[in-house]
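Right, one structure below, let's go through it.
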Amino acid sequence: SGFWVVVPAAGVGKRMGADRPKQYLPLLGRPLLSLTLRNILAWPGLAGIVVAVSEDDPYFAHIAEAGHPHVHRVTGGAERADSVLSALNYLAGRVPPETTVLVHDAARPCVSLDDIQSLLADDVSPMALLAQPASDTLKLGASDGNRQVVEKTLDRSRIWQAQTPQRAPLGELQRCLREGLERGAGITDEASALELAGHQPQLVEGQRDNIKVTLPGDIPLVESILRLRYA
Ligand code: CTP
Ligand code: MG
Numbered sequence: 003s004g005f006w007v008v009v010p011a012a013g014v015g016k017r018m019g020a021d022r023p024k025q026y027l028p029l030l031g032r033p034l035l036s037l038t039l040r041n042i043l044a045w046p047g048l049a050g051i052v053v054a055v056s057e058d059d060p061y062f063a064h065i066a067e068a069g070h071p072h073v074h075r076v077t078g079g080a081e082r083a084d085s086v087l088s089a090l091n092y093l094a095g096r097v098p099p100e101t102t103v104l105v106h107d108a109a110r111p112c113v114s115l116d117d118i119q120s121l122l123a124d125d126v127s128p129m130a131l132l133a134q135p136a137s138d139t140l141k142l143g144a145s146d147g148n149r150q151v152v153e154k155t156l157d158r159s160r161i162w163q164a165q166t167p168q169r170a171p172l173g174e175l176q177r178c179l180r181e182g183l184e185r186g187a188g189i190t191d192e193a194s195a196l197e198l199a200g201h202q203p204q205l206v207e208g209q210r211d212n213i214k215v216t217l218p219g220d221i222p223l224v225e226s227i228l229r230l231r232y233a
């Protein structure tokens, strides 16, 4: 029993533009992926973690958590959804299809235990994700020659920004991701695959500081959050 966590960590970090994939950049002196795995290993009820890394990844074996008995490694794929599906396929032969799986980006080391407990609460739907209500006024852009202009302002009250973890039962998530990928639909998170199959995952409000390290400027921001968290 307990839940499993899938960590997609097979990206190249194109937007970061660093000398190695961003999940291996040092934050406060530790590789980002190591910080994320250390965080997850402290979640009560954890049964294990499956990390998806690239086929020729030379870094993973050197991080402190790589040899942890709860940490399993699989080979990821071309897109994030391929990496997640590879981890789910690994799990499917080992645990029952009803098993709760949380998918969590390697690039989000700051998620708090409070948020994990909100997502796993008894009254939350088996399919759910952490998300943040949009706080800025939102504009829909349109091209006008070589400029972008405002076409209109969107109704912010119903807009949420998806975070991770996202939870679902193993078997159904595996089926939805596989079928979504076969249809070639742009699947950028687990919820989008579940939506395509007709599910309506629950939006669980998370904290703003569950930032995904994406651009170089995110690094000092995340380091200052981590300093407070682990002070
Ligand atoms: N990821 C993955 N397999 C891929 C692509 C992404 O496992 N083929 C992982 C990343 O390693 C990251 C998470 O999915 O932990 C979120 O993706 P993103 O922030 O987009 O990371 P990258 O794809 O590496 O960055 P970029 O899009 O800038 O190249
Ligand atoms: Mg990406």
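For the sequence shown, full-length UniProt numbering assigns the number 3 to the initial residue and increments by one for each residue that follows.
Ideal placement from N, C-alpha and C gives every residue a C-beta, glycine not left out.
According to the DSSP secondary-structure assignment, F62 is paired through a beta bridge with no residue. For the pair S145 and A12, the Cα-to-Cα distance works out to about 34 Å. DSSP links E207 through a beta bridge to A133.
Relative to the ligand MG, even the nearest heavy atom lies 7 Å or more away from the CB of R177.
Counting the other Cβ atoms within 10 Å of the Cβ of Q150 gives fewer than 16, which makes it exposed. Each of W6, G4, V113 was checked against the Cα of R231, and the nearest Cα belongs to V113. In the assembly as shown, S3 is an exposed residue. Its beta-carbon has fewer than 16 other beta-carbons within 10 Å. The three-state reading of DSSP puts K214 in coil, since its state is none of H, G, I, E or B. Shortest gap from the CB of G13 to any heavy atom of the ligand MG: under 7 Å. The DSSP-derived three-state label of R177 is helix.
Short note on R82: C-beta closer than 7 Å to some heavy atom of the ligand MG.
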